[in-house]
Amino acid sequence: MKSLRKVIWAEGMFLGQQHFQLWDQYYESYQNLQARSTAPLSWGVLSYDIDEEALENGQFRLSQCQVIFPDGRVVSYDISEDAPLALDLKGGHSEKIDLYICLPANRNASGINGYRDNGALCAWNTDYTRVSDENDPNRQREVMLGRPNLILLSGEESRENFASLQIAELVNDGDDNYTLVEDFIPTSARMNASPRLISMMQSILELFSSKARVLNEQRKQMSAQIATFGHTDVSNFLVLQTLSGAIPVLRHFKDNPQLHPEQLYQLLVRVIGQLCPFSFDIDVHGVPKYRHNDLTKTFDAIEQQMRGLIDVAMPDKMATLQLTKEADLLWSIDNIDSKHLKGNDFYIAVLSPMDDPMWVKHFEKIVKVGARADIEMIVASAMPGVRMVHMQRPPSNLPIKSGYEYFRVERKGDFWKRINSERTLGVYLPKAFRKIKMEIVLVPRD
Numbered sequence: 188m189k190s191l192r193k194v195i196w197a198e199g200m201f202l203g204q205q206h207f208q209l210w211d212q213y214y215e216s217y218q219n220l221q222a223r224s225t226a227p228l229s230w231g232v233l234s235y236d237i238d239e240e241a242l243e244n245g246q247f248r249l250s251q252c253q254v255i256f257p258d259g260r261v262v263s264y265d266i267s268e269d270a271p272l273a274l275d276l277k278g279g280h281s282e283k284i285d286l287y288i289c290l291p292a293n294r295n296a297s298g299i300n301g302y303r304d305n306g307a308l309c310a311w312n313t314d315y316t317r318v319s320d321e322n323d324p325n326r327q328r329e330v331m332l333g334r335p336n337l338i339l340l341s342g343e344e345s346r347e348n349f350a351s352l353q354i355a356e357l358v359n360d361g362d363d364n365y366t367l368v369e370d371f372i373p374t375s376a377r378m379n380a381s382p383r384l385i386s387m388m389q390s391i392l393e394l395f396s397s398k399a400r401v402l403n404e405q406r407k408q409m410s411a412q413i414a415t416f417g418h419t420d421v422s423n424f425l426v427l428q429t430l431s432g433a434i435p436v437l438r439h440f441k442d443n444p445q446l447h448p449e450q451l452y453q454l455l456v457r458v459i460g461q462l463c464p465f466s467f468d469i470d471v472h473g474v475p476k477y478r479h480n481d482l483t484k485t486f487d488a489i490e491q492q493m494r495g496l497i498d499v500a501m502p503d504k505m506a507t508l509q510l511t512k513e514a515d516l517l518w519s520i521d522n523i524d525s526k527h528l529k530g531n532d533f534y535i536a537v538l539s540p541m542d543d544p545m546w547v548k549h550f551e552k553i554v555k556v557g558a559r560a561d562i563e564m565i566v567a568s569a570m571p572g573v574r575m576v577h578m579q580r581p582p583s584n585l586p587i588k589s590g591y592e593y594f595r596v597e598r599k600g601d602f603w604k605r606i607n608s609e610r611t612l613g614v615y616l617p618k619a620f621r622k623i624k625m626e627i628v629l630v631p632r633d
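As structure tokens, this is what we get:
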């Protein structure tokens, strides 16, 4: 940053545009320096909306966005007022595309009457607009207003003369059709700029709350009158103490999602640090660092490490089986442990983006479950496969996740016997359910 030079106003000055340009520069630099002195990471995406219909037609297009660039400049874009901000995705792109929103790294404006256009890319495009006096609408004057000259560039293109922020990540799912990487987290100045970050935060809150409830129930069972742990249960007390301290802060984040992502990071690494003594494999010096320009890797690593420590400090009696995606509509599990088949009830936990509640009944009827070797035959022959039953009231010993619906796999019939003998499981999803999230949860049988 150049030294701050304040314009000095005095009587008798002959005013020129340079006075106001320097005045503008001074206050922009002053406010930026003041903000960065107390909040050095106060830059990133504030909000944005992607036109998914345009994406299906081979074009990435923004409907609106608000951004604070790393150099401190703040821009707001809305397609209803501004020219389209889009990038054609057809041809010439790699399998993965990193998309950046960019602003030329200068203060120049184009389209000013009487000024020569030197051909350089300018940060602002000039509009001439008639503006009314706030106190008298009849008094109008033409004013030059600048629109930010925003550009979308792929990661393969040079951004040397731009201020830029990565706003999305796309992958090619075949035939030049690109889809959004849903787990991508842009550099954000607010948590609610990223649906993935909000979803992760809420999931962690649910995890902490469910674990704390279990520990509190154990404490009550130990002593109906005295809320205490025995000497052998100090570890449970320490875990409960850690979770109980984090839950109110997570609720605060949930109620105020406009807070900065670094605040969520600080809370989670504090939890990790308090749980590290329970593990021989994870040391506090190995906690992932906060990287504001790579929040995806930062929070993926933090969440993975934190959940691993929770499992070590408080092993879950509920087991899950890892589903493998073989094809777009087919999921499977191989080599299921015989003890899982013998001693557990199987539940399919499903999170669906569909608004229509009727999806639950459709899922129950048309999704096919069977042994992996049988699933193609079941689908081709329109056979029912293993029966599933939607649980309106899941059993109390099933750990419930917010937004999920649970379907019990009926342990009877020839198709279930085939799962038992083959020790495999296949799940066929019709196209209507290709965007759901699904997992298999095992609950010990009584």
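End of the sequence shown = 633 in our numbering, gap-free, step of one.
Positions of the beta carbon are idealized from the N, C-alpha and C atoms, including for glycine.
What three-state label does DSSP hand residue i in the structure shown?
i: Asp532; result: strand
i: Ser568; result: coil
i: Tyr615; result: strand
i: Ser525; result: helix
i: Ala226; result: coil
i: Lys604; result: helix
i: Val547; result: helix
i: Tyr213; result: helix
i: Phe467; result: coil
i: Leu500; result: For clarity, residue 500 is Ala in the given sequence; the question names Leu instead. In the structure shown, Ala500 sits in a helix (DSSP, three-state: H, G or I).
i: Ala411; result: Caution is warranted here: a pLDDT of 48 is assigned to Ala411, below 50, making its placement in the model unreliable, and the coordinate value is therefore given only provisionally. DSSP places Ala411 in coil when its eight states are reduced to three.
i: Asp662; result: Because the chain spans 188 through 633 in this model, residue 662 falls outside it and cannot be assessed.
i: Phe440; result: helix
i: Asp660; result: Any question about residue 660 goes unanswered here, given that the chain covers just 188 to 633.
i: Phe201; result: coil
i: Ile520; result: strand
i: Ala350; result: strand
i: Asp383; result: The amino acid occupying residue 383 in the given sequence is Arg; Asp does not appear at that position. Three-state DSSP puts Arg383 in a helix.
i: Glu404; result: helix
i: Ser431; result: helix
i: Met493; result: helix
i: Pro393; result: Sequence check: residue 393 is Glu here, not Pro. Helix.
i: Glu449; result: helix
i: His206; result: helix
i: Ile553; result: helix
i: Asp487; result: helix
i: Leu339; result: strand
Quick one: what's residue i bridged to in DSSP?
i: Ile255; result: Gly231, Val261
i: Met378; result: In the DSSP output, where bridge partners are listed per residue, Met378 has none listed.
i: Ala296; result: Trp311
i: Val421; result: In the DSSP output, where bridge partners are listed per residue, Val421 has none listed.
i: Leu455; result: In DSSP, Leu455 forms no bridge with anything.
i: Tyr365; result: Asn359
i: Asp275; result: Gln246
i: Tyr593; result: Ala536
i: Thr511; result: Ser519
i: Pro631; result: Asn531
i: Thr316; result: Val330
i: Glu626; result: Ala536
i: Met575; result: Val596
Go ahead and label residue i buried or exposed: buried means 16 or more other beta carbons lie within 10 angstroms of its beta carbon, across all protein chains shown.
i: Ile413; result: Residue placement at Ile413 cannot be trusted, given a pLDDT of 48 that sits under 50; what the coordinates show is reported in the next sentence. Exposed, by the Cβ-count rule.
i: Phe201; result: exposed
i: Phe602; result: buried
i: Asp561; result: buried
i: Ile388; result: According to the sequence shown, residue 388 is Met rather than Ile. Classification of Met388: buried, given that the 10 Å Cβ count is 16 or more.
i: Asn300; result: exposed
i: Pro148; result: The shown model of the chain, from 188 to 633, leaves out residue 148, and the question about it has no answer.
i: Tyr217; result: exposed
i: Met575; result: buried
i: Ser525; result: exposed
i: Thr419; result: Model confidence at Thr419 stands at a pLDDT of 45, short of 50, so the residue's coordinates are unreliable and nothing is read from them.
i: Val133; result: With the chain covering 188 to 633 only, the question about residue 133 has no answer from this structure.
i: Ala270; result: exposed
i: Ser224; result: exposed
i: Lys618; result: exposed
i: Ser539; result: buried
i: Arg438; result: exposed
i: Gly572; result: buried
i: Glu592; result: buried
Quick check: is any heavy atom of the ligand SAH less than 8 Å from the C-beta of residue i?
i: Glu551; result: Because no ligand of any kind appears in the structure shown, any question about the ligand SAH cannot be addressed here.
Check: Counting pairs of Cβ atoms below 8 Å between the stretch 479-487 and the stretch 372-390, do you hit three or more?
Finding: yes
Check: Below 8 Å, can you find three or more Cβ-Cβ pairs linking the stretch 288-296 to the stretch 309-327?
Finding: yes
Note to self: Using a Cβ distance threshold of 8 Å, determine whether the stretch 454-467 contacts the stretch 490-500, with at least three qualifying pairs required.
What the structure shows: yes
Checklist line | Inter-stretch contact (C-beta, 8 Å, three-pair minimum) for the stretch 197-212 and the stretch 353-364 | finding: no
Notebook entry, point to check: Looking at C-beta atoms only, is the number of pairs between the stretch 261-280 and the stretch 335-343 that lie closer than 8 Å three or more?
Noted result: yes
Note to self: Within 8 Å, do at least three Cβ pairs link the stretch 227-242 to the stretch 379-386?
What the structure shows: yes
Next item on the list: Mind the definition here: the stretch 591-609 touches the stretch 524-534 only if three or more C-beta pairs lie below 8 Å; say whether that holds.
Entry: yes
Notebook entry, point to check: Is there contact here, the stretch 360-370 with the stretch 426-435, by at least three beta-carbon pairs under 8 Å?
Noted result: no
Check: With a cut-off of 8 Å, do at least 3 Cβ pairs link the stretch 547-563 to the stretch 606-625?
Finding: yes
Margin query: Whether or not the stretch 246-255 and the stretch 274-287 are in contact is what I'm after, with contact meaning three or more pairs of Cβ atoms, one per stretch, closer than 8 Å; do they touch?
Written below: yes
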